[in-house]
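Colleague:
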Amino acid sequence: MKFVDKLIKNPVYIESLKEIEAAERERVFCCHGIAHFMDVARIAYIYNLEQELGLEKEMIYLAALLHDIGRAEEYNTGVPHEQASKKLAVFILSELDYPREKFDLIIRAIENHRNREIKELYSDDPSEQLNVLINMADKQSRNCFFCSAYEMCNWSEDKKNKFIIQ
3 MKFVDKLIKN PVYIESLKEI EAAERERVFC CHGIAHFMDV ARIAYIYNLE QELGLEKEMI
63 YLAALLHDIG RAEEYNTGVP HEQASKKLAV FILSELDYPR EKFDLIIRAI ENHRNREIKE
123 LYSDDPSEQL NVLINMADKQ SRNCFFCSAY EMCNWSEDKK NKFIIQ
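Just so you know, the sequence shown maps onto residues 3 to 168 in my numbering.
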């Protein structure tokens, strides 16, 4: 995965991960570092395989590895992280010389990964499929059923993952 390899060596990406880690050092709730990004990537790719969607593995991984990269900006300025992540992802993907025809699918998935209206995995539209994959994987990557902060968490009970697969 040529572009994923470039991404994880990109100085802006690395610095953004460090900023998130520093901002979340004392956080008791779910964190948004590389472990979360990789969980989202793997879950999304598994869904892609199981549902035989045929989306490119590298595109799924790039979307997952970038979907929360704007968290530090959200903590520092209050800008919603999906907007900050979109802006940062556009810059980083440009630096990586990622193909423009795939670029927009990733950006759309990043900006929509918190959209509760996204539900249709079986669409023929690859951008809709990627949106759904990242959205679902992001939510299912959370192990609420085993979280020490479960009672303090402000997620609604219907949003919390109480089982491994819901």
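We put the CB at the ideal spot given by N, CA and C, even for glycine.
Keeping to the same chain, check which residues put their C-beta closer than 7 Å to that of Leu19; ignore five residues upstream and five downstream.
Modeller: So the qualifying residues of the chain are Gly35, Ile36.
Colleague: Hey, how far is the Cα of Ala151 from the Cα of Lys164?
Modeller: The straight-line gap from Cα to Cα measures roughly 13 Å.
Colleague: Identify the continuous alpha helix (DSSP H) that holds Glu103 and give its terminal residues.
Modeller: Per DSSP, Glu103 belongs to the alpha helix (DSSP H) from 102-114.
Colleague: For the alpha helix (DSSP H) holding Ala66, just list the boundary residues, first then last.
Modeller: 59-68 is the span of the alpha helix (DSSP H), which, as asked, contains Ala66.
Colleague: Give every residue of the same chain whose Cβ lies closer than 6 Å to the Cβ of Gly72, excluding the five residues on either side of it in the sequence, and list them in chain order.
Modeller: Closer than 6 Å at the Cβ level, and outside the excluded window around Gly72, lie His83, Ala86, Ser87, Leu90.
Colleague: Can you tell me whether Leu51 is buried or exposed, with buried defined as 16 or more other CB within 10 angstroms of its CB?
Modeller: Leu51 comes out exposed.
Colleague: Are at least three pairs of beta-carbons, each pair with one atom in the stretch 15-31 and one in the stretch 132-145, less than 8 Å apart?
Modeller: Too few Cβ pairs lie closer than 8 Å, so no.
Colleague: Cα separation between Lys8 and Tyr63?
Modeller: Lys8 and Tyr63: Cα-Cα distance of roughly 12 Å.
Colleague: Verify whether the separation of the beta carbon atoms of Val2 and Ile109 is less than 8 Å.
Modeller: Missing from the structure shown is residue 2; the chain here goes from 3 to 168 and no further.
Colleague: With a cut-off of 8 Å on the beta carbons, I'd call Val6 and Leu67 a contact; round off their distance for me.
Modeller: Correct: roughly 7 Å between the Cβ atoms.
Colleague: Taking the beta carbon of Asn78 as the centre, do at least 16 other beta carbons fall within 10 Å, making it buried, or is it exposed?
Modeller: When all chains shown are included, Asn78 counts as exposed.
Colleague: Could you tell me the alpha carbon to alpha carbon distance between Ile45 and Lys59, rounded to whole angstroms?
Modeller: Going from the Cα of Ile45 to the Cα of Lys59 covers about 12 Å.
Colleague: Using 8 Å for Cβ pairs, my map puts Leu132 next to Met40. What's the rounded Cβ distance?
Modeller: The Cβ separation is near 17 Å, so there is no contact.
Colleague: May I have the straight-line CA-CA distance separating Leu107 from Asn12, to the nearest angstrom?
Modeller: Going by the C-alpha atoms only, they are around 21 Å apart.
Colleague: Closer than 7 Å: is that where the CB of Lys88 sits relative to any heavy atom of the ligand ATP?
Modeller: Among the ligands in the structure shown, none appear at all, so the ligand ATP cannot be discussed.
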